[in-house]
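Residue numbers (our numbering): 14 to 323.
Every residue, glycine too, gets a C-beta built ideally from N, C-alpha and C.
Since the structure comes first, as structure tokens, the remarks are kept for the end.
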Amino acid sequence: MLSVAQKETAKAIVNIFETGSARGDYASVTLLAGDSGHLTYGRAQTTLGSGNLHLLIKSYCAAPGASHARALEAYLSRLSDMDLRLDTDWTFRGLLKEAGSDPVMQDTQDAFFDRVYWTPASVAAEKLGLIEPLSTAVVYDSVVHGSWSAMRDRTSARIGAPSKSGARRWTQTYIAERRAWLAGHSNSLLRKCVYRMDAFDALVAAGNWTLALPVMVRGVRVDKYVLELAAPVRVSADDASTRTLRLTQPRMSGSDVLALQKALAKEGYALNCDGVFGENVEKALKSFQRDFGIVDDGIAGPATRLMLGI
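So this is what it looks like as structure tokens:
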């Protein structure tokens, strides 16, 4: 049984392979010419061609509070049909990117990739007697990347099952077999993926079968701090109750208008500070904006407020 830290380290390694980040990139949308998976998305790069992208988006749309659910629901039937025209549907791709910053999507991806990739991989590894964290990570990588079963059988045909050859020797042989298979593949994109096996080879050479931290993978450091980092949440901290002040009919009034008048008066503009936004306030505001090189529209928005210190 892997510890939580060992499990997260194994996932971080594969995240680095997939997106270059130990945390993974939840908003990553990729399309590479010649990729049989076609459009790929998310932290572990699930694909349109496998049908898993449909399952992921379906799970997200069913999740409470999913901010982009309504827009993405319109694509579920096309995803189910694996409509390859989605590869170049820029509206759809833009929606995926936007949804990647939604904490609900991030939670959905975490649960989905655990269910679809991590759990089957860890069970498969355990059934073979591959119980060390590094061996489990190797299996997980192949389940995510593809062709695990074929490479498993190819390795066992060469040296026998792990129970016969030994788990560590079997894992090392598997890494070598998979590297050779990738290096000689007819798909040039897969030939470029030998770095995955080279990274595992480096961990084997270091004797790090327990995935003890820190580890370096393709120049990315994975340590306790990185594993404990939460995914970024892109939400504004602006007070929604802050109004943009301007000349209207009826006139805007209140404490925020009064604060604006006082700030302008402090800058030397003669105003009656009565808390009502009138023509005199607009005139003073435009003059202030011109003096400080910002758009002189007479509207007290974020930039003008910042310049006035309110």
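Exposed or buried, Val228, counting other C-beta atoms within 10 Å across all chains shown (16 or more means buried)?
-> Taking the first residue of the sequence shown as position 1, residue 228 is located at position 215. With 16 or more other Cβ atoms within 10 Å, it is buried.
Please report how far the alpha carbon of Ala163 lies from the alpha carbon of Arg56, in whole angstroms.
-> In the sequence shown, the residue the question calls residue 163 occupies position 150. In the sequence shown, the residue the question calls residue 56 occupies position 43. About 25 Å.
Which runs of the alpha helix (DSSP H) fall wholly inside the segment 168–239 and span at least 4 residues, in chain order?
-> 175–178, 180–196, 201–204, 207–218
Is Asp166 buried or exposed, if buried means 16 or more other CB atoms sit within 10 Å of its CB?
-> To locate residue 166, count along the sequence shown from 1; it is residue 153. It counts as exposed.
Whole-angstrom distance between Arg36 and Val233, CA atom to CA atom | If you number the sequence shown from 1, residue 233 lands on position 220. If you number the sequence shown from 1, residue 36 lands on position 23. Near 11 Å, if we compare the C-alpha coordinates of Arg36 and Val233.
Would DSSP call Val308 helix, strand or coil?
-> Your numbering for residue 308 matches position 295 in the sequence shown. In this structure, Val308 counts as coil in the three-state DSSP scheme.
Using only alpha-carbon positions, find the residue among Leu69, Val42, Ala283, Ala79 that is nearest to Thr104.
-> Residue 104 sits at position 91 when you count from the first residue of the sequence shown. Looking at the Cα atoms, Val42 is the closest of the given residues.
Reference Pro263; option with closest CA among Phe290, Val239, Arg256 = Within the sequence shown, residue 263 is the residue found at index 250, counting from 1. Among Phe290, Val239, Arg256, the Cα nearest to that of Pro263 belongs to Phe290.
Is it the case that the Cβ atoms of Ala344 and Ala23 are separated by a distance below 9 Å?
-> Since the first residue shown for the chain is 14 and the last is 323, residue 344 is missing from the structure and cannot be characterised.
Ordered list of alpha helix (DSSP H) runs contained in the segment 65–131, each at least 4 residues | 65–75, 82–86, 89–93, 103–112, 116–126
Would the segment 57–66 and the segment 19–34 be scored as touching if the rule is three or more Cβ pairs under 8 Å?
-> yes
What is the DSSP secondary structure of Ala40, reduced to helix, strand or coil?
-> For the purposes of this step, residue 40 is taken as the residue at position 27 of the sequence shown. Coil.
Enumerate in chain order the residues of its own chain whose CB-to-CB distance from Arg309 is below 7 Å, with the five nearest sequence positions on each side excluded.
-> If you number the sequence shown from 1, residue 309 lands on position 296. The question names Arg, but residue 309 is Asp in the sequence shown. So the list reads Lys299, Gln302, Arg303, once near-sequence residues are dropped.
Validate contact between the segment 134–146 and the segment 176–187 using beta carbons, cut 8 Å, 3 pairs = yes
On a CA-only basis, which of Leu45, Leu52, Thr101, Glu21 is nearest Leu202? Give me that one, please.
-> Here residue 202 refers to the residue found at position 189 when the sequence shown is read from its first residue. Nearest of Leu45, Leu52, Thr101, Glu21 to Leu202, Cα basis: Leu45.
Does the separation of the CB atoms of Leu68 and Thr53 fall below 9 Å?
-> As a working mapping, residue 68 is identified with position 55 in the sequence shown. As a working mapping, residue 53 is identified with position 40 in the sequence shown. No, they are not a contact pair.
Indicate the three-state DSSP secondary structure (helix, strand or coil) for Leu258 in the structure shown.
-> Position 245 of the sequence shown holds residue 258. Leu258: strand per DSSP, three-state reduction.
Quick one: give me the first and last residue of the alpha helix (DSSP H) that Ser155 is part of.
-> As a working mapping, residue 155 is identified with position 142 in the sequence shown. First-last of the alpha helix (DSSP H) with Ser155: 146–158.
Kindly indicate the opening and closing residues of the alpha helix (DSSP H) around Ala18.
-> Position 5 of the sequence shown, counted from the start, is the residue given in the question as residue 18. Here the alpha helix (DSSP H) through Ala18 covers 17–32.
Residues that Tyr54 bridges to, as DSSP identifies them = What you label residue 54 is simply residue 41 of the sequence shown in a count that begins at 1. BP columns for Tyr54 point to Val42, Thr59.
Taking Ser268 as part of the alpha helix (DSSP H), name the residues at either end of that continuous run.
-> If you number the sequence shown from 1, residue 268 lands on position 255. Taken as a continuous stretch (DSSP letters only), the alpha helix (DSSP H) holding Ser268 covers 268–279.
Between the Cα of Asn293 and the Cα atoms of Thr223, Ile307, Leu319, Thr261, which residue gives the shortest distance?
-> Here residue 293 refers to the residue found at position 280 when the sequence shown is read from its first residue. For the residues Thr223, Ile307, Leu319, Thr261, the minimum Cα distance to Asn293 belongs to Thr261.
Where Ala35 falls: helix, strand or coil (DSSP) | What you label residue 35 is simply residue 22 of the sequence shown in a count that begins at 1. Coil, per DSSP.
Which whole-angstrom value describes the C-beta separation of Thr186 and Arg209, a residue pair presumed to lie in contact below a C-beta threshold of 8 Å?
-> Counting from one through the sequence shown, the residue named residue 186 turns up at place 173. Counting from one through the sequence shown, the residue named residue 209 turns up at place 196. Their Cβ separation, rounded to whole angstroms, is 16 Å, which puts Thr186 and Arg209 out of contact at 8 Å.
Residues in its own chain within less than 8 Å of Thr317 by CB, not counting five upstream and five downstream?
-> As a first step, residue 317 must be located in the sequence shown, where it is residue number 304. Excluding sequence neighbours, Thr317 sits near Leu298, Phe301, Gln302, Ile307.
For Leu85, is the classification buried or exposed, using 16 other Cβ atoms within 10 angstroms of its Cβ as the cut-off for buried?
-> Counted from its first residue, the sequence shown places residue 85 at position 72. Buried, by the Cβ-count rule.
Comparing alpha-carbon positions, which option in Ser169, Asp287, Leu284, Thr257 lies nearest Leu319?
-> The residue given as residue 319 occupies position 306 in the sequence shown. Out of Ser169, Asp287, Leu284, Thr257, Thr257 has the C-alpha closest to the C-alpha of Leu319.
Please name the residue in Ala225, Leu109, Val230, Phe126 whose C-alpha comes closest to that of Ala82.
-> Against the sequence shown, residue 82 aligns to sequence position 69. Among Ala225, Leu109, Val230, Phe126, the Cα nearest to that of Ala82 is on Leu109.
Cα separation between Ser266 and Leu321?
-> For this step, residue 266 is matched to residue 253 along the sequence shown. For this step, residue 321 is matched to residue 308 along the sequence shown. Their backbone Cα atoms lie some 18 Å apart in a straight line.
In or out: Ser148 buried (at least 16 other Cβ within 10 Å) or exposed?
-> Working through the sequence shown from its first residue, we reach residue 148 at position 135. Classification of Ser148: buried, given that the 10 Å Cβ count is 16 or more.
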